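Taking it in order: structure first as structure tokens, then the write-up.
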Amino acid sequence: MNKDNLVPEKGIHTNFSNQMTYGDYLALDKILTAQKPLSNHHDEMLFIIIHQTSELWMKLILHELHAATRLIAQDHYQPAFKMLARVSRIQSQIIQSWDILSTLTPAEYMQFRDKLGQASGFQSFQYRMIEFAFGNKSKHILEIYKHDKELHDTLYQLLHQPSLYDVAIQALAKAGFEINPARLDRDWSEPYQEDSTVESAWLEVYRNVDKYWNLYQLAEKLVDLEDWLQQWRFRHMKTVERIIGHKQGTGGSSGVTYLKKVIDRYSFPELWKIRTQL
Ligand code: HEM
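Numbered per UniProt numbering, the sequence shown spans residues 1 to 278.
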């Protein structure tokens, strides 16, 4: 073994009394002290860190999705595509985390599950923000956040904004497609209703990819996002089944039965429908 490796190189900075360090910049004092297990059980740390890292990645997903939505509304497609491609990579990263969580056995989880009380991922506000950003709007979910005004107001605002899919449909209209006006300007807080004019427009895009290259790329990026989100939901459901079987969730739902139902929730329905017709 080369012992020289242990000696810092000559130029390495060592005096940080007046300089920002790596830890300062990243606020590691906050992040690394934010794991507060409620039991003495060894495996609770895994449970906490998997959730915290997923939430950090969701924060970046939202950062990218909101910026991409603004850019598409301004017809700046290329930078938006780069952001959406990044979102897909993050999604693939968080899907991998189920592999780590599947090392948690039912016997291990049961030793600290009762400490969670009614807390559940169901209350993840960033997950709801992602659903809203995609276009999967639900007023009812806001009920959960009424105890926290700031959070409630943020979600309320996002509920009332056009989603990524809404701006994609506006892009179809800008390209000259005849789109039902009720899809172009509406109460954005209402769930999106499938529409035959939107379906025909996407069909046309896929039949003339050279002519509508940007819209075609946009459509494929959206399908990537939905595909990965559904895969995340599937892996979540399977991991949950493996760990708690068919017990009720801590959030109060039927558990796996509920999670199975939500796997097939579509945000961009026409983009899936047209595949049968092509
Ligand atoms: C042992 C691990 C886990 C178990 C047993 C579990 C269980 C459940 C259950 C049963 C639900 C349905 C709601 C309820 O009644 O509680 C749920 C929802 C949810 N969980 Fe998990 N979960 C686990 C890990 C995770 C992780 C690591 C995340 C990442 C953030 C997560 C995020 C969510 C989200 C976002 C929902 C809402 C899904 C929706 O409504 O579409 N869960 N979980």
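Ideal Cβ positions, reconstructed from N, Cα and C, are used throughout, including at glycine.
Note that the coordinates shown come from a computational prediction; the quantities given were computed from them, not determined experimentally.
**OP:** Please go through the same chain and pick out, in chain order, the residues whose beta-carbon is closer than 8 Å to the beta-carbon of Leu184, but skip the five residues on each side of it.
**Re:** Exclusion of the five residues before and after Leu184 leaves Ile169, Gln170 and Ala173 as the residues of its chain whose Cβ lies within less than 8 Å of its Cβ.
* Asked: Helix, strand or coil: which one does DSSP assign to Leu184?
  -> In the three-state DSSP reduction, Leu184 falls in the helix class (H, G or I).
Determine, using beta-carbon pairs with one atom in the segment 263 to 271 and one in the segment 129 to 138, whether at least three such pairs fall under 8 Å. Taking 8 Å as the limit for Cβ pairs, the verdict is that the segment 129 to 138 does touch the segment 263 to 271.
Shortest alpha-carbon distance to Phe177 belongs to which of Glu204, Ala219 and Asn18? The shortest Cα separation from Phe177 among Glu204, Ala219 and Asn18 belongs to Glu204.
(request) Assign Ala34 to one of two classes, buried (16 or more other C-beta atoms within 10 Å of its C-beta) or exposed (fewer than that). (result) Exposed.
### Task
Put Ala175 into one of helix, strand or coil per three-state DSSP.
Note: Ala175 maps to coil in three-state DSSP.
Checklist entry - Beta carbon of Gly251: closer than 8 Å to some heavy atom of the ligand NAP? => result By its list of ligands, the structure shown excludes the ligand NAP, since it contains just the ligand HEM.
So which of Leu104, Ser97 and Met58 has the shortest CA-CA distance to Arg86? For Arg86, the nearest C-alpha among the options comes from Met58.
Subject >> Endpoints, alpha helix (DSSP H) assigned at Phe122 >> reply: Looking at the DSSP string, Phe122 is not in any alpha helix (DSSP H), and its letter there is neither H nor E.
Query raised in the report: From Gln231 to Ile95, what does the alpha carbon distance come to, in whole angstroms?
Result: Straight-line measurement puts the Cα of Ile95 at about 7 Å from the Cα of Gln231.
- Sort Thr250, Lys238 and Ile274 by Cα distance to residue 300 and report the nearest one. Nothing about residue 300 can be reported from this structure: the residues present for the chain run from 1 to 278 only.
query = In angstroms, rounded to a whole number, what distance separates the CA positions of Met83 and Leu271?
reply = Roughly 20 Å between the two C-alpha positions.
Kindly indicate the opening and closing residues of the alpha helix (DSSP H) around Gln230. Per DSSP, Gln230 belongs to the alpha helix (DSSP H) from Trp213 to Ile244.
Own chain residues within Cβ distance below 8 Å of Tyr109, not counting five before or after
Asp43, Phe47, Ile243 and Ile244.
Check: Between the Cα of Thr105 and the Cα atoms of Leu278, Tyr258, Val240 and Lys247, which residue gives the shortest distance?
Finding: The shortest Cα separation from Thr105 among Leu278, Tyr258, Val240 and Lys247 belongs to Val240.
Assuming Phe112 and Ser39 make a contact with CB atoms under 8 Å, what is their CB distance in whole Å?
-> Yes, they are in contact, since the Cβ atoms of Phe112 and Ser39 sit about 4 Å apart, within 8 Å.
Checklist entry - Quick one: is Arg89 buried, meaning 16 or more other Cβ sit within 10 Å of its Cβ, or exposed? => result For Arg89, the number of other beta carbons within 10 angstroms of its own is below 16, and it is reported as exposed.
Contact belief for Pro79 with Glu194 at Cβ below 8 Å, rounded distance in angstroms: About 29 Å separates the beta carbon of Pro79 from that of Glu194, a gap too long to meet the 8 Å contact definition.
Indicate whether Ser196 and Asn180 have their beta-carbon atoms separated by less than 9 Å.
Contact flag set, yes.
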